[in-house]
Amino acid sequence: MLVDVKLGDAEYIRDLTPGKTLVGWAHVEQKLAFTDAAIDGGHTIVAWEDLYEQGRYIFYRNRELAGETAILQSFTYFGRMPYDCRVAIIGNGMTAHGAHRILCGLGAKVDIFTRKLEPLFRERMGDYDVLVNCVLWDTKRTDRLISREDLRRLKRGAMIVDVSCDPHLEIETSHPTTIDNPVYTIDGVLHYAVDNTPAMAYRTVTEIISHTFSPYVDCLVTGAYNTALEAAVAIRRGQVTNPSILAFHARRTSEEELLEA
Numbered sequence: 111m112l113v114d115v116k117l118g119d120a121e122y123i124r125d126l127t128p129g130k131t132l133v134g135w136a137h138v139e140q141k142l143a144f145t146d147a148a149i150d151g152g153h154t155i156v157a158w159e160d161l162y163e164q165g166r167y168i169f170y171r172n173r174e175l176a177g178e179t180a181i182l183q184s185f186t187y188f189g190r191m192p193y194d195c196r197v198a199i200i201g202n203g204m205t206a207h208g209a210h211r212i213l214c215g216l217g218a219k220v221d222i223f224t225r226k227l228e229p230l231f232r233e234r235m236g237d238y239d240v241l242v243n244c245v246l247w248d249t250k251r252t253d254r255l256i257s258r259e260d261l262r263r264l265k266r267g268a269m270i271v272d273v274s275c276d277p278h279l280e281i282e283t284s285h286p287t288t289i290d291n292p293v294y295t296i297d298g299v300l301h302y303a304v305d306n307t308p309a310m311a312y313r314t315v316t317e318i319i320s321h322t323f324s325p326y327v328d329c330l331v332t333g334a335y336n337t338a339l340e341a342a343v344a345i346r347r348g349q350v351t352n353p354s355i356l357a358f359h360a361r362r363t364s365e366e367e368l369l370e371a
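Okay, here's the thing in structure tokens:
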């Protein structure tokens with residue numbers, strides 16, 4: 111068994127011997143190369159992003175921390191204090207709550223747009239100095255929350271803080287950046303798209319992950335059944351078990367292939 115916080119970015123997966131159990135944030139719907147390698151290698155993937163206990167995501171505090179740290183770092187590159195800014199947060203989950211906590215604490219004027227308010231956001235996006243994306247986009251959607259053309263509608267010198275950081279999905283011009291080089295500019299709009307912001311608060315996030323996941327380790331090691339872990343298995347011995355992953359990757363299970371034969 112191998113545990114890797116950034117499992118979906120693990121280029122070494124092609125070098126592993128077959129049949130490993132890999133645990134971490136895999137994001138198998140978005141990470142095409144990783145998912146293909148996991149299938150080809152006959153590996154089992156336990157995806158932390160799908161690990162829920164009694165309906166609540168077990169790493170909810172990590173999501174809050176992602177929003178908090180993204181706001182703290184992004185504004186150091188924006189050149190303006192939050193209390194001078196109008197900010198739109200898209201999303202109303204734990205990541206959005208974390209971003210909201212820091213922004214309100216620093217005096218920003220904040221509006222929150224839930225998924226149901228997408229049309230209103232599209233109408234008003236040009237009113238804001240900063241737009242903070244905290245939604246997880248449905249990979250089956252072909253539209254964008256903010257398209258390349260929309261950048262011309264934004265305020266001059268605006269900033270997009272893409273906490274979700276799904277490359278070219280909800281934010282068409284978004285691609286992952288790093289903590290050391292976190293921003294780039296397209297059409298006059300500053301983009302911040304660091305996809306591992308909690309690492310900046312490394313002591314806090316280490317405590318969160320260790321405390322949260324440690325109760326599940328024994329079940330993984332011994333093979334004991336655990337409902338939450340079972341539901342988080344995205345790939346089992348090279349076979350995709352999550353229907354949404356199958357749809358996104360246009361793959362068929364071996365059973366479907368036999369039925370079509």
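Add 110 to the 1-based position in the sequence shown for the numbering used here, that's all there is to it.
For every residue, glycine included, the Cβ atom is placed at its ideal position computed from N, Cα and C.
Separation of residue 335 and residue 344 (C-alpha to C-alpha, rounded to the nearest whole angstrom) is 16 Å. Nearest Cα to residue 338 within the set 247, 209, 248 and 168: 168. Just measuring C-alpha positions, the residue of 112, 185, 198 and 205 sitting nearest residue 130 is 112.
Where residue 150 is concerned, the enclosing alpha helix (DSSP H) starts and stops at 142 to 150. In the structure shown, residue 132 falls within a strand segment according to DSSP collapsed to helix, strand and coil. For residue 241, DSSP records a beta bridge to 198 and 270.
At the C-beta level, residue 272 and residue 302 come within 8 Å of one another. Within 10 angstroms of the beta-carbon of residue 230 lie fewer than 16 other beta-carbons, which makes it exposed. Comparing alpha carbon positions, the residue from 205, 207 and 255 closest to residue 226 is 255. Annotation: the stretch 299 to 332 contains the following complete segments of the beta strand (DSSP E) (minimum length 3 residues), in chain order: 299 to 302. The residue among 142, 245, 148 and 166 with its C-alpha nearest the C-alpha of residue 126 is 148. Counting C-beta atoms within 10 angstroms of its own C-beta, residue 218 has 16 or more neighbours from the protein chains shown and is therefore classed as buried. Residues of the same chain with a CB within less than 7 Å of the CB of residue 170, apart from the 5 flanking positions on each side, are 204 in chain order. If you compare the alpha carbons of 235, 118, 250 and 257 with that of residue 264, the shortest gap goes to 235. Beta-bridge analysis with DSSP links residue 297 to no other residue. Counted as a single uninterrupted DSSP element, the stretch harbouring residue 169 is not any alpha helix (DSSP H), since DSSP gives it neither H nor E.
When 240, 181 and 146 are compared, the shortest CA-CA separation from residue 305 is found for 181. Excluding sequence positions up to five before and after residue 202, its CB lies within less than 7 Å of the CB of 222 and 224, all in the same chain and listed in chain order. Going by beta carbons, residue 115 and residue 187 fall outside the 8 Å limit. If you draw a 10 Å sphere on the C-beta of residue 260, you find 16 or more other C-beta atoms in it, and that means buried. In the assembly as shown, residue 119 is a buried residue. Its beta-carbon has 16 or more other beta-carbons within 10 Å. Per DSSP, residue 283 is not a residue of any alpha helix (DSSP H), being assigned neither H nor E. Distance check between residue 320 and each of 158, 142, 145 and 151 places 158 closest, using alpha-carbon atoms only.
Cα atoms of residue 138 and residue 313: separation of roughly 27 Å, rounded to the nearest angstrom. Judged by DSSP secondary structure, residue 337 falls within the alpha helix (DSSP H) whose first and last residues are 337 to 341.
The beta carbon of residue 179 lies closer than 7 Å to those of 307, 308, 310 and 311 in the same chain, with the five residues before and after it left out. For the pair residue 215 and residue 156, the Cα-to-Cα distance works out to about 36 Å.
Where residue 206 is concerned, the enclosing alpha helix (DSSP H) starts and stops at 204 to 215.
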